[in-house]
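Residue numbers (the numbering used here): 51 to 181.
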């Protein structure tokens with residue numbers, strides 16, 4: 051008669067522990083990768099929104115590039131997800147606002163750069179000519 055256990059063979063002892071020891075780190079890494087992807091996505095959204103805000107001000111009739119840059123930097127710094135934001139504004143008839151920064155990283159020493167650009171025509175008002 052087998053006194054070690056009913057329905058279990060001797061070779062199965064500890065197999066659940068080994069399976070857990072292999073599976074748990076993989077699930078943990080997948081979870082961390084998901085969190086990292088979310089942080090990068092949110093940082094991209096913040097960069098895009100701040101570029102659009104800067105564009106809105108810079109392309110206005112009496113708006114300047116300096117005002118557009120200041121608004122974009124202010125908007126980007128309101129959200130802690132985009133780190134070290136830098137803004138460049140350029141163009142003549144078509145204004146371009148580029149926001150660059152870093153997304154938070156779960157891995158020390160890893161730097162993920164995020165950059166987004168918004169473009170639009172400078173507003174000009176004209177009067178209709180003779181028909």
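Quick reminder that beta carbons are idealized off the backbone N, C-alpha and C, glycines included.
Cβ neighbours of residue 96 within its own chain (closer than 7 Å, five residues either side excluded): 126, 129, 131 and 132.
The three-state reading of DSSP puts residue 78 in helix, counting H, G and I together. Under the three-state reduction of DSSP, residue 151 is assigned to strand. Listed as beta-bridge partners of residue 164 by DSSP are 151.
Ranked by Cα distance from residue 151, the options 165, 158 and 157 are led by 165. Nearest neighbour of residue 158 by Cα position, chosen from 74, 86, 140 and 106, turns out to be 86.
Contact check for residue 153 against residue 69 fails: the beta carbons are separated by 8 Å or more. In the same chain as residue 122, and ignoring 5 residues on each side of it, the C-beta atoms closer than 7 Å to its own belong to 100, 101, 103, 104, 137, 147 and 149, in chain order. Following the DSSP letters along the chain, one finds residue 119 inside the alpha helix (DSSP H) bounded by residues 115-128.
As DSSP reads the structure, residue 170 sits in a beta bridge with 145. About 15 Å separates the beta carbons of residue 120 and residue 145, which is beyond the 8 Å limit, so they are not a contact pair.
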